[in-house]
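Presented below is the structure to which this report refers.
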Amino acid sequence: MSGPRTCLPNARMRTSPTQDRPAHSDCFLMIKGWDHEESTILLDRASRGDDVAFGTLYRRVSPMARRAAHNIVRDTHAADDLVQETFYLVLRAVRSGRGPRDSFHGYVLATVKHLAYRYCKTESRTVANDDPDMWERHTENLQPAAQAERITAAWASLPPRWRSILWLVEVDRYSPAELAPRMSLTPNAVSSLASRARQALRTAYLAAD
């Protein structure tokens with residue numbers, strides 16, 4: 001085996017995310033040195049609450065997941081967000097007993113690709129709106145309890161990374177320059193991430209009409 005091989009989606013696959021494909025056309029990832037028996041043991045430990053075991057699986061599989069996401073969405077920051085959301089969902093599935101029993105990397109790749117195609121479909125249909133007046137018009141007539149419910153639901157729908165950046169910037173009042181070294185990003189990238197998170201929260205809130 002010469003080394004890692006990944007399946008690169010072609011343009012037709014990117015523009016037709018819902019197109020049915022036969023199972024044999026899926027990408028079979030050949031990973032040099034991957035120990036499937038050890039992976040199964042780690043997965044079993046993770047399902048019983050072992051965070052260290054899940055962290056090991058994350059470190060092994062996240063680079064492949066990031067490449068798969070980036071090949072579809074063609075945006076580094078969006079790919080990072082999708083990977084974070086993927087592992088959040090996978091961890092929940094594993095801990096609830098609904099996750100993979102083996103082939104952890106295959107499960108992760110299938111999940112991240114599904115989210116990436118959904119992201120592309122959503123981005124092609126959603127018009128970003130940063131108009132604060134429109135935001136206010138949708139919130140000013142709500143009763144406090146109803147507004148709180150909608151905000152809570154919108155907040156819960158965000159992936160962990162977006163919730164984290166919004167909390168750090170809007171609540172803890174960190175500046176992008178302060179957060180950049182801690183997040184291994186540039187200040188501009190932090191600002192961009194925070195902006196996308198705000199827009200996602202706004203979109204989720206307005207979608208609750």
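Under UniProt numbering, the very last position in the sequence shown is 209; numbers go up by exactly one each time. In this text, a Cβ means the ideal position worked out from N, Cα and C, and glycines have one as well. All values derive from a computational prediction rather than experimental measurement.
Span of the alpha helix (DSSP H), counted from its first residue to its last, around residue i
i, result
"Asp162", "The identity of residue 162 in the sequence shown is Trp, whereas the question assumes Asp. Its alpha helix (DSSP H) spans residues Pro160 to Leu166."
"Asp81", "Thr76 to Ser96"
"Tyr58", "Asp51 to Val73"
"Ser191", "Pro187 to Leu206"
"Arg182", "Pro176 to Met183"
Beta-carbon spacing of residue i, residue j below 8 Å
i, j, result
"Ala154", "Ala93", "no"
"Ile72", "Lys113", "yes"
"Ser47", "Arg95", "yes"
"Thr122", "Leu89", "no"
"Val108", "Ala65", "yes"
"Tyr58", "Phe87", "yes"
Residue i classed as buried or exposed, judged by whether at least 16 other C-beta atoms fall within 10 angstroms
i, result
"Gly99", "buried"
"Ser39", "buried"
"Ser184", "exposed"
"Val83", "buried"
"Lys32", "The pLDDT assigned to Lys32 is 37, lower than 50, so where the model puts this residue is not dependable, and the model offers no usable value."
"Arg74", "exposed"
"Arg173", "exposed"
"Leu142", "In this prediction, Leu142 has a pLDDT of 47, which is less than 50 and means its spatial position is unreliable; nothing more can be read from the coordinates."
"Arg60", "buried"
"Ala78", "buried"
"Arg101", "exposed"
Cβ-Cβ separation, residue j to residue i (assumed contact under 8 Å), whole Å
i, j, result
"Ala194", "Leu166", "7 Å"
"Pro176", "Ser191", "5 Å"
"Glu85", "Leu115", "6 Å"
"Trp162", "Ala200", "6 Å"
"Leu168", "Ala197", "Contact doesn't hold; Cβ gap of about 10 Å is too wide."
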